[in-house]
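Each residue of the sequence shown is one higher than the one before, starting from -3 at the first, in our numbering. Note that CB positions come from ideal geometry on N, CA and C, so glycine has one too. The structure displayed is predicted, hence computed values, not measured ones. First up is the structure itself, then whatever we jot down about it.
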Amino acid sequence: MIKLKFEDIIIAAASIIVICVLISYPLMLVLTPAIGEYNAFELSGFVVFILGPIITGYIFAKQIREENRTKTILKIAVLVAFIAMFMVLSDDAVVEWAPYYRAEYLKANPTATPTAFEWYNIQLAALSMETFSAVAAMLIFTFIGLYIGTMLKKPTKT
């Protein structure tokens, strides 16, 4: 019996992230001429967020199956979602989003004249929504992908 340790959960989560990175850029390069840069980025992200966990679930299927499958998959998915949260937050820290959010808000509300404090709250709400969406999506995609990946590899008889 192979016991899944905390290090294995960390390795599985790191494997998901590495696989996603290794697949996303070449996929984006292939898709960009056909559907444009933005759509290629979005589509490749969607594909790798499900494909990375499927591949990792297949690789770690035996260890995940010998533990409580749902609980182990959830532990890995929570760790991946936590990593995704920091990836989104680091992107938000590097890119100046205020002009973008200001333009979008004024396009939706042309007569509005928010104060500086209200602009701060509008931007914070938009960034929080983006972070929440990324974490929720990664949690769902990782859980489903890992579950599918463990189902693809049939148990070996001993």
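Of the listed residues the options, nearest to residue i (C-alpha basis)
| i | options | result |
| --- | --- | --- |
| A73 | L23, Y143, K58, S40 | Y143 |
| A133 | K103, G32, T109, I46 | I46 |
| V178 | C16, L123, T68 | This structure does not reach residue 178, given that the chain is present from -3 up to 154, and the question cannot be answered. |
| T152 | K58, N117, M125, A77 | K58 |
| M24 | F82, L135, N35 | N35 |
| I140 | P106, Y21, Y54 | Y54 |
Helix, strand or coil at residue i [DSSP, three-state]
| i | result |
| --- | --- |
| G32 | coil |
| E63 | coil |
| F2 | helix |
| P49 | helix |
| K150 | coil |
| F37 | helix |
| F42 | helix |
| F82 | helix |
| F56 | coil |
Rounded distance between the beta-carbons of residue j and residue i, thought under 8 angstroms
| i | j | result |
| --- | --- | --- |
| W131 | A80 | Looking at the sequence shown, residue 131 is not Trp but Val. Right, their Cβ atoms sit about 6 angstroms apart. |
*Going along the chain, which unbroken runs of the alpha helix (DSSP H) with 4 or more residues stay wholly within the segment 84 to 133?*
94 to 104
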